[in-house]
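All remarks here apply to the structure that follows.
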Amino acid sequence: MSMTVSGLGTSRTHHTPISAPPRRKPAEKSERNDFEALTPADRELIFHVTGQQLGVAAMKEKPTSFAVAIANERAVGHLAPGQPVTGFYLKDLHHRYQRAGAPSPIGQYLPRALAYLEQSGPRRIDVSA
Numbered sequence: 001m002s003m004t005v006s007g008l009g010t011s012r013t014h015h016t017p018i019s020a021p022p023r024r025k026p027a028e029k030s031e032r033n034d035f036e037a038l039t040p041a042d043r044e045l046i047f048h049v050t051g052q053q054l055g056v057a058a059m060k061e062k063p064t065s066f067a068v069a070i071a072n073e074r075a076v077g078h079l080a081p082g083q084p085v086t087g088f089y090l091k092d093l094h095h096r097y098q099r100a101g102a103p104s105p106i107g108q109y110l111p112r113a114l115a116y117l118e119q120s121g122p123r124r125i126d127v128s129a
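Residue numbers (the UniProt record's numbering): 1 to 129.
So, in structure tokens, the structure goes:
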């Protein structure tokens with residue numbers, strides 16, 4: 001007859017050793033193209049202010065700081081789809097950079113942008129956006 005005694009003994013339950021959790025594959029960086037968010041009116045403004053003609057496709061030349069700032073504002077939602085860029089908006093954006101103690105990417109372009117917006121008349125909501 002064999003007898004079994006429960007309690008302390010020499011037999012141990014085998015546990016899987018603790019190891020690092022399986023690594024996930026690094027997610028592909030989604031390269032957001034802020035310029036895709038620009039409206040036709042934004043592109044026209046950028047062209048008249050900087051002389052730079054922007055398309056959605058990759059650009060051959062480095063975009064101006066003015067173009068980057070407008071595209072970023074549009075892409076992050078500070079400028080709602082269809083909301084026109086106005087002189088008031090540009091002045092406010094410029095002042096936000098100044099209050100933050102950062103150089104304004106639109107500062108050198110601001111006089112030309114304001115002149116163009118004043119000359120082109122009131123901005124309308126762009127329903128094609």
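All residues carry an ideal CB built from backbone N, CA and C; glycine is no exception.
Counting C-beta neighbours from all protein chains within 10 Å, is the total for residue i 16 or more, i.e. buried, or is it exposed?
| i | result |
| --- | --- |
| R32 | exposed |
| A113 | buried |
| P21 | Annotation note: pLDDT 48 at P21 (below 50); position unreliable, no value reported. |
| R43 | buried |
| E73 | buried |
| H95 | exposed |
Under 8 Å by Cβ, that's how I've got residue i and residue j pegged, so tell me the actual separation to the nearest angstrom.
| i | j | result |
| --- | --- | --- |
| F66 | V49 | 6 Å |
| residue 133 | Q53 | Nothing about residue 133 can be read from this structure; the chain reaches only from 1 to 129. |
| L117 | T86 | 7 Å |
| P105 | A75 | No, P105 and A75 are not in contact; Cβ-Cβ is about 14 Å, not under 8 Å. |
| A41 | P84 | 6 Å |
Just to confirm, is the Cβ distance from residue i to residue j under 8 Å?
| i | j | result |
| --- | --- | --- |
| L38 | A71 | yes |
| L79 | L110 | no |
Checklist entry - Which parts of the segment 20 to 99 are runs of the alpha helix (DSSP H), unbroken and 4 residues or longer, counting only runs that do not cross its ends? => result Listed in chain order, the complete alpha helix (DSSP H) runs (minimum 4 residues) inside the segment 20 to 99 are 40 to 50, 65 to 75 and 87 to 99.
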